[in-house]
Each structure stands twice: as C-alpha cells, then as structure tokens.
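Numbering (the numbering used here), first residue to last: 1497 to 1599.
Note that the Cβ used here is the ideal one computed from N, Cα and C, for glycine as well.
Because the structure is a prediction, the values reported are computed rather than measured.
So the structure is just underneath, and the comments pick up after that.
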C-alpha cells in the first residue's frame, strides 16, 4: 500500500468513525460493521453489514456511510454493499467498543 493509498484509507476510516448505529452509542467502524474497503483510483467500494437483518436503519445507514465517504475530496465514487456473511456478532467489535458498552 503506497503512502497516498494509506492516507486515503485513514481519511475513510475517520469518516466511518463519524457514522453511528442509532441503537448503539458506538460508531460503525468500531462496531465491526465494515468488513472490507477497497480503493481503486478515485472509487471506493466497501462491504458492510448490519447488527441484524431487521435493523430499522437498513435503508438509511448505507446511504449515510456513502455520503460520509463521498465528502472526501479524493473520492469520486462510493459503492456500499450490504453483506450478511459472515453474520455480525459481538466478536467483530473493537476492544474500545466493547469497553464503551461494558462488554
């Protein structure tokens, strides 16, 4: 990964950390909802999941993620794909998220 790619990835992670699951007071990145981020030129593709297939923000959260990453000047296109495999569980959370939620 070159320096430009690494710097862009840092900006993407920073934007992802500004998006919160409305039911859990932890950002989606620390919750482990982002499974993969791919950068190709000025296009960002990512796979994300939700805490549950019945999540009330199933429609709005992916759009919020896309808008947050589109705010980055170096990014021209963002694709967010919802995936259900592997299913999300608490083991995907960062240590700081687990501490925040007293787990």
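Which of helix, strand or coil does DSSP assign to residue i?
i	result
residue 1615	Outside the shown range of the chain, which is 1497 to 1599, sits residue 1615, and nothing can be said about it.
residue 1538	coil
residue 1559	helix
residue 1530	strand
residue 1520	coil
residue 1571	coil
Are residue i and residue j close, meaning C-beta to C-beta below 7 Å?
i	j	result
residue 1560	residue 1509	no
residue 1586	residue 1543	no
residue 1579	residue 1571	no
I think residue i touches residue j, with their Cβ atoms under 8 Å apart; what is that distance to the nearest whole Å?
i	j	result
residue 1527	residue 1593	6 Å
residue 1525	residue 1513	5 Å
Would you kindly work out how many angstroms separate the C-alpha atoms of residue i and residue j, rounded to a whole number?
i	j	result
residue 1591	residue 1573	31 Å
residue 1554	residue 1583	15 Å
residue 1562	residue 1511	10 Å
I'd like to know if residue i contacts chain D, where contact means its C-beta is closer than 7 Å to some C-beta of that chain.
i	result
residue 1510	Here there is only one protein chain, and chain D is not present.
Please classify residue i as buried or exposed, where buried requires at least 16 neighbouring CB atoms within 10 angstroms.
i	result
residue 1523	buried
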